[in-house]
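Remarks on the structure that follows.
Number of protein chains: 2
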Amino acid sequence: MASAAVEYARRNHARFLDEMKALLRIPSISTLPEHQGDCRKAAQRLADALKRVGMENARLIETEGHPLVYADWLHAAGKPTVLVYGHYDVQPPDPLDEWLSPPFEPTERDGNIYARGAADDKGQVCAQLCALESLLAADGRLPLNVRVLLEGEEEVGGEGIAGYVASKPGELKSDFALICDTEMFAPGLPTLCVGLRGMIYTEIDVRGARTDLHSGMYGGAAPNPFVALAQIIARLKDEDGRILIRHFYDDVVAPSPEELAAWSSLPFNEEEYRKAEVGSRELVGEPGYSVLERTWARPSLDVHGMPGGFTGAGAKTVIPARAQAKVSMRLVPNMTPAKAFAQFKSYVQEVAPAGVDVEVRLIHSGDTCLTPVDNPYIQAATRALGEVWGKETVFIRSGGSIPIVGDFARHLGAPSVMMGFGLPDDQIHAPNEKFSLQNFKLGIESLIRFLEEAAR
Amino acid sequence: MASAAVEYARRNHARFLDEMKALLRIPSISTLPEHQGDCRKAAQRLADALKRVGMENARLIETEGHPLVYADWLHAAGKPTVLVYGHYDVQPPDPLDEWLSPPFEPTERDGNIYARGAADDKGQVCAQLCALESLLAADGRLPLNVRVLLEGEEEVGGEGIAGYVASKPGELKSDFALICDTEMFAPGLPTLCVGLRGMIYTEIDVRGARTDLHSGMYGGAAPNPFVALAQIIARLKDEDGRILIRHFYDDVVAPSPEELAAWSSLPFNEEEYRKAEVGSRELVGEPGYSVLERTWARPSLDVHGMPGGFTGAGAKTVIPARAQAKVSMRLVPNMTPAKAFAQFKSYVQEVAPAGVDVEVRLIHSGDTCLTPVDNPYIQAATRALGEVWGKETVFIRSGGSIPIVGDFARHLGAPSVMMGFGLPDDQIHAPNEKFSLQNFKLGIESLIRFLEEAAR
């Protein structure tokens, strides 16, 4: 029989959905300065909601960037304390013309809700909030001590929360963290994420001539920053996708044979994944590794954009004075961002062609993470998910990076339970992002049951 | 003693300058659709001016794009006919923040006039117009038959004029063309350009995944279009700047030993050029060739921009579904655009990495050109320039492309006299484009004397 809190959640589902939609309508795009006010609006809405459902000390915590949202309820003497984390900021919605419904007008279609931030991460933050409301409303109390800490800079490096966690660990004292920002391995398959890749996000800035030059007059004598960048990038990875930065793989720890065996029994078909999720002619990457190994347990390198020069329609025969590449690398245990960036920077300088000045900048970074599956909170989460979804929980890793997981470990000594309800085809960071309505509903129930189990 | 027309030009110089400024104020940027009206405005202003100075049949000729400007004066029986060519369109002014004075507010500083289009090509078109006015006003007639044909699409491929010249050669019947769209080799050094590089301007379009993907989730498995483009571009040129497209150099004709000897006696210092004009750490290009050979007599390849992905400030961890490179190649005698594009396209497809779809498009092209120095009109120009500038005329080539020169040769059988008054540091196509006021003045006088000499 479902707990009283789960019954409450079921009765209030329609209202919960409306509240998620209201949050999704706020275009809290953290990377764009013109949306600074929207970020604050989303933060304030969440602080108000936390207060309304019965959480205490609900407030905004100012940072150099977008504010944090904090609230707590600390009346469960002798019980553990959980730090509930999520983020209210979203990625830019461009390219806009590929959205079937407007990114900030949440729209229900085919059992999903479509909006920027639906799965990443506002829908999941709402599920956390609804679980807390259900427990407080049904039981008049929470089964354990709860701190909520939400940030608005996850998509831009999370400097604010990182600084706060590092400087005020006493105010966040917790036994473990609950992070809802990952995905289930497949629809209906309860999933705990126990490993994350780390990352470094960089910019390579290349300068050639003093000013833009005419490619007729100077072509053949003046350095071309885009050609230089192409030469650099082509030397970063070989044809097979193996990264060529010296000693880059030295600290990589391979997954255990047991972990690899468990991955190979997951419901995953590479050809199906290529067709349904990626949609490219072929998949790429290091030969000899499965897709799951390549995206979970091997480092990767991607180029995100190359600003500079002429990008309009038609032709401009310019040799630009300057061009840039935005390049990021995903890291795996036991690589560290500091060492990886130093290796990258020195290698880029080494392979840069003659005639240009090259500057390499670190924009942000995040640590890798790996939690043992026998951790008691992972075990509690396993029981809760198994009950709500009626299936055995699978343990996966994610290729993504959640830098805050490393900060919670380092500064609070708190391991993270990453219980996510996104799905692989949710199109996060892309047009037509969605969140499954069923996952929203069962996600709330899973969170309620997890908090109840974690208190035992 | 100066001719009556030259005396007239000297008396009217201040007004001539005002007329040039009025033309420079019109932002006739041919590549930007929002400036379509400005292009027409510039064309109409020139047609009106031609009529005012006494040219006949002055009118706009409509094309699919921006209009041509035509006028003639055909009353010099028994004398040759010259086709006077220039263009009234200009390049976009970006990056705007690097201009010291607004690009469309012509400003005099240090003996120059600064504005987009000052040297390329409105200032030179005005010099042509002022020469015609001076001859007609001082002598009541022109010494030879003159047709004027100005275009507004030189910076975007010149399709309109190419189509018109090809379809109506009878209406443009001329013995030679006078093109003022090149530069003098050095200040005060009278120069005739007798060779031009041709060009092909292309776009390489690369598609990987069906939609934009998250680089954490998919990095290591999904193809990255920018990495693919970098690999393609890195294979187009080697470290030394030698183009690697198969058979690309097969048709290249080396300059004669006499031409090379003349070039080596020009006042040109590669280190000075690097510092004063290019301003880069080093010059680049094929070893074993001088800078003049590399930019005048060797093909080159440049990348102008790489649209796609995330180019804003900060970080977006996207693997873009699509990215593009704008790539052009300069061609030399006896290469042809059609063959060069076929070689380029097939090579790009051949070296494209796995996992992506690659499309290669030709945006526009122009033929190479080389005129013998013993041509009688080149000889007349040599005499006129020597007299006005008091120095022996030098014969150079230009690395740039003026596709219309090939069209005049092919359809009208008319060789071109390329008598330009720009200077190497005029910053055409870049911020702070300028035109020397002295060159404007002596340019008008040179044109008057040339038309007088060509009539003999």
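Line by line, the protein sequences give chains A and B. Heads up, the first sequence is in this note's numbering, so the first residue is 1 and it goes up one at a time. Heads up, the second sequence is in this note's numbering, so the first residue is 1001 and it goes up one at a time. Note that beta-carbon positions come from the ideal geometry of N, C-alpha and C, so glycine has one too.
- According to the DSSP secondary-structure assignment, aspartate 1205(B) is paired through a beta bridge with Gln1324(B), Glu1359(B).
- Contact check for proline 1080(B) against phenylalanine 1176(B) passes: the beta carbons are separated by less than 8 Å.
- Beta-carbon to beta-carbon, isoleucine 233(A) and valine 146(A) are separated by about 46 Å, too far to satisfy the 8 Å threshold.
- Look at the stretch 3-35 of chain A and you find these whole runs of alpha helix (DSSP H), each 4 residues long or longer: 4-11, 13-24.
- One thing to note: glycine 111(A) has its Cβ within 8 Å of the Cβ of leucine 437(A).
- Beta-bridge partners assigned by DSSP to isoleucine 243(A): Lys237(A).
- In the DSSP assignment, valine 1148(B) forms a beta bridge with Ala1071(B), Val1084(B).
- Excluding the 5 residues flanking it on each side, aspartate 1139(B) has same chain C-beta neighbours closer than 8 Å at Ala1004, Ala1005, in chain order.
- With respect to proline 190(A), lysine 391(A) sits close: the two C-beta atoms are nearer than 8 Å.
- Below the 7 Å Cβ cutoff, chain B contributes Ser1215, Thr1317 as neighbours of serine 328(A), in chain order.
- Taking the CA atoms as reference points, alanine 1454(B) sits about 60 Å from leucine 236(A).
- Scanning Leu301(A), Gln427(A), Ser446(A), Phe450(A) for the CA closest to the CA of tryptophan 99(A) turns up Gln427(A).
- The beta-carbon of glutamine 1231(B) is placed less than 8 Å from the nearest beta-carbon of chain A.
- In summary, serine 1167(B) is exposed, with fewer than 16 beta-carbon neighbours lying within 10 Å of its beta-carbon over all protein chains present.
- For aspartate 139(A), the enclosing alpha helix (DSSP H) has its first and last residue at 123-139.
- Between leucine 1451(B) and asparagine 1439(B), the gap from beta carbon to beta carbon reaches 8 Å or more.
- Under a 10 Å Cβ-count criterion, glutamate 1151(B) is classified as buried, with 16 or more other Cβ atoms of the shown protein chains found around its own Cβ.
- Under DSSP, the beta-bridge partners assigned to phenylalanine 176(A) are Val82(A).
- Taking all protein chains in view, the Cβ of leucine 144(A) is crowded by 16 or more other Cβ atoms within 10 Å, so the residue is classified as buried.
- Non-local beta-carbon contacts of arginine 1207(B) in its own chain, meaning distances under 6 Å to residues more than five positions away in sequence, involve Arg1322, Asp1357 in chain order.
- Within chain B, the residues placing a beta-carbon under 8 Å from that of glycine 355(A) are Ser1280, Arg1281, Glu1282, Leu1283, Val1284, ordered along the chain.
- Below the 9 Å Cβ cutoff, chain B contributes His1214, Ser1215, Gly1216, Met1217, Tyr1218, Gly1219, Gly1220, Ala1221 as neighbours of glycine 399(A), in chain order.
- Sequence-ordered contacts of the stretch 32-48 of chain A with chain B read Leu32, Pro33 [C-beta pairs closer than 9 Å].
- Separation of glycine 400(A) and proline 299(A) (C-alpha to C-alpha, rounded to the nearest whole angstrom) is 11 Å.
- No residue range can be given for leucine 142(A), since it is assigned to no beta strand (DSSP E) and is classified by DSSP as neither H nor E.
- Counting other Cβ atoms within 10 Å of its Cβ, glycine 170(A) stays below 16 and is therefore classed as exposed.
- Using a Cβ-Cβ cut-off of 8 Å, serine 1300(B) counts as an interface residue toward chain A, since at least one Cβ of chain A sits closer than that to its own.
- Near chain B, meaning a CB-to-CB distance below 7 Å, the residues of the stretch 419-440 of chain A are Gln427, Ile428, His429, Ala430, Pro431.
- Around the CB of serine 1256(B), fewer than 16 other CB atoms lie within 10 Å, so the residue is classed as exposed.
- For glutamine 343(A), the closest Cβ of chain B is not nearer than 8 Å.
- Spanning the alpha carbons of alanine 313(A) and alanine 1325(B) requires a straight line of approximately 12 Å.
- Setting aside the 5 residues that flank it on each side, glycine 1366(B) is surrounded in the same chain by Gly1198, Met1199, Ser1401, Pro1403, each with a C-beta closer than 6 Å to its C-beta; the list follows chain order.
- The continuous beta strand (DSSP E) containing aspartate 1302(B) extends over residues 1300-1309.
- Identification of chain A residues near isoleucine 1363(B) by a Cβ-Cβ cut-off of 8 Å yields Gly314, Ala315, ordered along the chain.
- Straight through space, the alpha carbons of arginine 1015(B) and glutamate 1007(B) are spaced by roughly 14 Å.
- When Cβ-Cβ separations below 8 Å define contact, asparagine 1145(B) makes no contact with chain A.
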